[in-house]
Each structure stands twice: as C-alpha cells, then as structure tokens.
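Below: the structure, in structure tokens.
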Amino acid sequence: MNLPKNWETCKLEECVDILDSKRVPINSSEREERLQSAAKTYPYYGATGQVGEIDDYLFDQEAILLGEDGAPFFELHKAKAYIAVGKYWVNNHAHILTARDGVLNKYVCHQLNILNYQRFVAGTTRLKLTQASMKTIPIKVAPTNEQRRIVSKIEELFSDLDAGEAALRKAQRLIEMYRQSVLNSAVSGNATGDTIGQIVKVNDTNIPVPTGWQCVSFENIKDKTIVGLDRGARFQSLDHKYPYFKMNNITLDGRCNFSKMTRVEATDAEVAKYSLKAGDFLFNTRNSLELVGKTGVINTLPERTVLFNNNILRVNFTKNVNAHYVCYYFQSSFGKKQLERLKSATTNVAAIYQGSLDRFMIAIPSIEKQNKIVALTESLLSSIEKINEEIDSQTKRQRALRQSILKQAFEGKLVPQNPADEPASELLKRISAQSSQPKAARGRKKKEAA
Numbered sequence: 001m002n003l004p005k006n007w008e009t010c011k012l013e014e015c016v017d018i019l020d021s022k023r024v025p026i027n028s029s030e031r032e033e034r035l036q037s038a039a040k041t042y043p044y045y046g047a048t049g050q051v052g053e054i055d056d057y058l059f060d061q062e063a064i065l066l067g068e069d070g071a072p073f074f075e076l077h078k079a080k081a082y083i084a085v086g087k088y089w090v091n092n093h094a095h096i097l098t099a100r101d102g103v104l105n106k107y108v109c110h111q112l113n114i115l116n117y118q119r120f121v122a123g124t125t126r127l128k129l130t131q132a133s134m135k136t137i138p139i140k141v142a143p144t145n146e147q148r149r150i151v152s153k154i155e156e157l158f159s160d161l162d163a164g165e166a167a168l169r170k171a172q173r174l175i176e177m178y179r180q181s182v183l184n185s186a187v188s189g190n191a192t193g194d195t196i197g198q199i200v201k202v203n204d205t206n207i208p209v210p211t212g213w214q215c216v217s218f219e220n221i222k223d224k225t226i227v228g229l230d231r232g233a234r235f236q237s238l239d240h241k242y243p244y245f246k247m248n249n250i251t252l253d254g255r256c257n258f259s260k261m262t263r264v265e266a267t268d269a270e271v272a273k274y275s276l277k278a279g280d281f282l283f284n285t286r287n288s289l290e291l292v293g294k295t296g297v298i299n300t301l302p303e304r305t306v307l308f309n310n311n312i313l314r315v316n317f318t319k320n321v322n323a324h325y326v327c328y329y330f331q332s333s334f335g336k337k338q339l340e341r342l343k344s345a346t347t348n349v350a351a352i353y354q355g356s357l358d359r360f361m362i363a364i365p366s367i368e369k370q371n372k373i374v375a376l377t378e379s380l381l382s383s384i385e386k387i388n389e390e391i392d393s394q395t396k397r398q399r400a401l402r403q404s405i406l407k408q409a410f411e412g413k414l415v416p417q418n419p420a421d422e423p424a425s426e427l428l429k430r431i432s433a434q435s436s437q438p439k440a441a442r443g444r445k446k447k448e449a450a
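Here the numbering used here is used: the first residue of the sequence shown is 1, the next is one more, and so on.
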C-alpha cells in the first residue's frame, strides 16, 4: 500500500473504541409502547441512519455508526457509515465507534465510505460485517492537522455537491408535475380543445367527460384477457430458453423495460398461450401497495418469444380502443385515484383483481381522436424522457464525483501536506501507549429530568 509521506496504516480497532457492548436490544412493539407515554423522544438509529424515535438514550457523544447488517456494502455510491451526535439510541444493526485522541471521527467515517467491503462481509441474502472482521479493516492515518484539512475540504466540496443534487431533485419533481399535467390534459380533452360536458363521479373520483366522449367501464372495452405463466423462482434461470417478463419490468411511468429479464422453460402450448405481442396492454395485478396497478403497452420485443409472468394481466381491447390511450388514462390522476380505491391489501402484498378492474371507468373519445391524443402525448412524453435521462446522467456524475473526492483525499492528493505536522507514526505510538493504560469506567450519561 503506497502511503503519502508521514502517513501510516493501522487496523480499525487500533484507532477507535468500539462501543457495541453498550447497545441494548429492543423490539419495535416495545419501542412503540414506550413512545405512548414519552415526555421526550430521542433519535433511534440503525444500519443506514435514523429509523425512528425512542423515549430514552444510550449515548450522548459524537460517534461513527457503521452498518453491521442491512447496509449497502457493495453499492459504491451509498454510505455505510455516518456520524451521530447528541443524545440517541442505536439498535443492533450498527456498530458504534469513537475515534481515539488525535484521530477525527469524520476522517474515519469518510474513509469507511470508500472502503471495498468484499473481504470483510459475509452472507448470501443479508450481508453482515461482524465485529471481528470490522476490527481488521485497514485505516490510513494522516497527521492530525492534515486530517482536519482533509475533513474540511471534503465537507466544502460535498456541500457544493449537495446543492447541485438538491437542484436536480427539484428539477425531477417539476418534470414529474409537468408529466402528470400532460397526461391529465390528454385524457380530459384539454389537449384537443374539447370542452367538459359533464363530471361523472365513480369510485370516489370526479371524472371529466368532454362533450362527444363516453364514460365507459374497463369491462366494456376489453376483448380478451389472460393472466401470465406461473413459474416460481426455482424454475427461473438465465440458462433457460425463454425470456420471462415480470412485474419489475413495467416501470412506474408506463414503459416496458426488457433489460433485466430472467428466463424459463415452457411447452409449445405455453409458448403459444403466453407469448407477448406488439400492442398488448399489461396490468400488474399483484405487487406492493405502492406499486400494484402499474401499466404498460408492448411496442417492440427484444426477441421473437417473450413470456409474461402470472402477476401480470394481458389485455387486448376492442377494435375502437387504442391501448396507449388506456395506458395514459391509468397513469393520469383520474386513473390513479380510482386504482387506490380498487386495491385489496394484506400484510405482504396488494392486489387488484379482475372483478375490481372491470369497474374502472374511463372517459374515451372516438378512435380517431384517441390516435391523435396518443401521437401528441407520445411526442411530449418523449421530450420529458430525454430531460429525465439527462438529469439521471447528471446525478450519476455527482455521485461519481463524491467517490473521486474521497479517493483523492485518502491518497493524500486533496489538500497540501505540511512537513511541520507531527507524523502519524508518533500519533499511533501515543494512542498505543494510552490504550495499554487502565481505562476509567465509561458509563451512560444520566437521563435528563422530564
């Protein structure tokens, strides 16, 4: 490992105190019960940040909280460690660390957020960073004054990036508002200059129906429907023959994304029955409460045969209905409000069954006007999509800049060095000497009187 002049490396356990033993497990029901009579509350932290509140605190100091399990260890641009200050409680999903004299908490925290955790975490479904493994993490230690300069420069540059990312998020919100306005305009007659003839209240939703349009049920415009092919996870593999289109392949904005499909085997009869075709309208019948009801229309297929999953209903409409128009209606605020009323939810899954979907009402004009609306709307949505792609590109660039800043910082290239700074070797000697001395008992601060 090449180090800048006057830097040293040590194991994490050699430059921090580990306070995991002071954690006190508490389940969510007990915490909620305690909150009922709480006169004052404190932050309750987990693997990646604050996850709630609690009526008491365990710590009253600045500390580094590093995910133990449930942290995004292999996601480069996401934080695995963060700083907690003041009075707070930490659950068992985060390690609690405090830097020793001469080492800055923020300096260690930033370094932990650029570390490659491949060698230090284990697990298949849920990655875990054990305390034993965490102790061995190598830390590059700069002279104390240089640590201060590094942290100050990182925070200065990150502040600029924060402002840029906030502006991008605001732009995304404005674009989404505009997109919703385009969809509402398309299905309420504004896009074609039609005047509202009546307001029909259905499913607790006021539906504007322009003059010359009809308000019809989904049941009355569908021709054929079929639920997709059932193949459990153990029958799915990239080694199988046919691409398998699932609910995650329908985006929230109504696009069909074929980039991440698994594959399945199927009989000739199943292939004939469940193959997608251009023009198919797809409706996601089961998903989480937030995502159920996604819709999309197949335009082109990446392969000749693509089969679809049993959490998707395929619909073909009568000849005077444009599937894209129906898709826009479902994504409009008039459609979304109705869908909320049609959802049936259990603890783990939400569904919109065909019987409920049949009651969904749509304001619909002639097929000629539908086609015109679809052409106008597609053009506007295409422009919106290009803007969103540019925002996504800028967001990724901002995230990459954060990693670049941290990389430069811990290569000694972010701030100038000062030969007069005490070398890190002397700092580590002093820390080692202090560590070998008996430690005074460190108790929890007394809780403040309510």
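Ideal placement from N, C-alpha and C gives every residue a C-beta, glycine not left out. Predicted model only: the values in this text are computed from it and were never measured.
Residue range of the beta strand (DSSP E) that includes residue i
i: A269; result: That residue, A269, is in no beta strand (DSSP E); its alpha helix (DSSP H) goes 268–274.
i: K140; result: 138–141
i: L282; result: 281–284
i: S366; result: Where S366 is concerned, there is no enclosing beta strand (DSSP E), given that its DSSP letter is neither H nor E.
i: T144; result: It is not in any beta strand (DSSP E) - T144 instead sits in the alpha helix (DSSP H) that spans 144–187.
i: N220; result: First-last for N220: 218–221, but that is the alpha helix (DSSP H), not the beta strand (DSSP E).
i: Y3; result: Checking the displayed sequence, the identity of residue 3 turns out to be Leu instead of Tyr. L3 -> no beta strand (DSSP E), and no H or E assigned at all.
i: K87; result: 87–90
Closest Cα partner of residue i within the set the options
i: G355; options: G232, S217, R31; result: S217
i: P302; options: C256, L291, R314; result: C256
i: I154; options: Q434, F410, A424; result: F410
i: A47; options: F73, F59, E62, V24; result: F73
i: T195; options: W213, N206, V16; result: W213
i: N249; options: I221, T211, V292; result: V292
i: I207; options: N220, G189, E219; result: G189
i: A351; options: E290, I367, G52, Q408; result: E290
i: S21; options: E8, A84, H93, K40; result: H93
i: R314; options: T225, A269, T144; result: T225
i: L157; options: N6, P210, I405; result: I405
i: I64; options: W89, E75, E53; result: W89
i: R169; options: K407, Q394, E368; result: Q394
i: A71; options: Q36, A122, V103; result: A122
i: A272; options: R304, F258, N287; result: R304
i: N6; options: T144, E368, I221; result: T144
i: L276; options: N299, A163, T377, D268; result: N299
Residues near residue i in its chain [Cβ-Cβ closer than 8 Å; skip 5 each side]
i: K447; result: Because the pLDDT of K447 is 49, which lies under 50, any placement of that residue in the model is unreliable, and the number read from its coordinates should be weighed accordingly. Here the set comprises D56, Y57.
i: N203; result: K337, Q338, R341, L342, R359, F360, M361
i: K11; result: K135, T136, I137, P138, I139
i: D239; result: R263
i: A433; result: none
i: I312; result: V227, G228, F245, K246, M247, I250, L282, F283, N284, T285
i: S344; result: A350, A351, I352, Y353, S356
i: A450; result: Confidence is the limiting factor: at A450 the pLDDT is only 36, short of 50, which leaves the residue's position unreliable and the question unanswerable from this model.
i: R23; result: L58, V90, N91, N92, I96
i: E165; result: T395, Q398
Beta-carbon proximity list for residue i, same chain, < 7 Å, skipping 5 on both sides
i: Q111; result: I139, K140, F410
i: P244; result: The question names Pro, but residue 244 is Tyr in the sequence shown. Contacts found: R231, Q236, M261, T262, R263, V264, L307, N309.
i: L401; result: L161
i: N371; result: N322
i: G102; result: T144, L427, R430, I431
Chain-order list of residues whose beta-carbon lies under 6 Å from that of residue i (same chain, five-residue window excluded)
i: A459; result: As displayed, the chain neither begins before 1 nor continues past 450, which places residue 459 out of reach and without an answer.
i: G412; result: P4
i: D223; result: N316, F317, T318
i: Q50; result: P43
i: S152; result: none
i: L357; result: F218
i: Q172; result: I391
i: S332; result: L183, N184, V187
i: K445; result: Bear in mind that a pLDDT of 49 at K445, under 50, signals an unreliable position, so the model cannot answer this.
i: F330; result: T295
i: V85; result: E62
i: K79; result: Here residue 79 turns out to be Ala, not Lys, going by the sequence shown. Here the set comprises N113.
Residue range of the unbroken alpha helix (DSSP H) whose run includes residue i
i: C109; result: 105–112
i: L452; result: In the structure as shown, the chain begins at 1 and stops at 450. Residue 452 is therefore absent and cannot be evaluated.
i: G197; result: No alpha helix (DSSP H) contains G197, which is instead part of the beta strand (DSSP E) from 196–202.
i: C256; result: Taken as a continuous stretch (DSSP letters only), C256 belongs to no alpha helix (DSSP H), as it is neither H nor E.
i: Q61; result: That residue, Q61, is in no alpha helix (DSSP H); it is neither H nor E in DSSP.
i: V326; result: 323–331
i: K11; result: Here K11 belongs to no alpha helix (DSSP H); instead the beta strand (DSSP E) covers 8–11.
Nearest-angstrom Cβ-Cβ length linking residue i and residue j, presumed shorter than 8 Å
i: H95; j: I18; result: 7 Å
i: E146; j: Q417; result: 6 Å
i: I373; j: T192; result: 6 Å
i: S425; j: E32; result: At roughly 51 Å, the Cβ-Cβ gap does not stay under 8 Å, so S425 and E32 are not in contact.
Neighbour flag for residue i against chain D, beta carbons, 8 Å
i: G193; result: Any reference to chain D falls outside this structure, which holds one protein chain only.
Cβ-heavy atom distance, residue i to the ligand NAD, below 7 Å
i: G254; result: With respect to small molecules bound, the structure shown includes none, and the ligand NAD cannot be examined in it.
Touching or not, the segment 178–186 and the segment 373–381, by the rule of three or more beta carbon pairs under 8 Å?
yes
Taking 8 Å as the threshold, find out whether the segment 166–180 comes into contact with the segment 312–325 through three or more Cβ pairs.
no
For the structure I just gave you, are there three or more beta carbon pairs, one from the segment 385–403 and one from the segment 116–129, closer than 8 Å?
no
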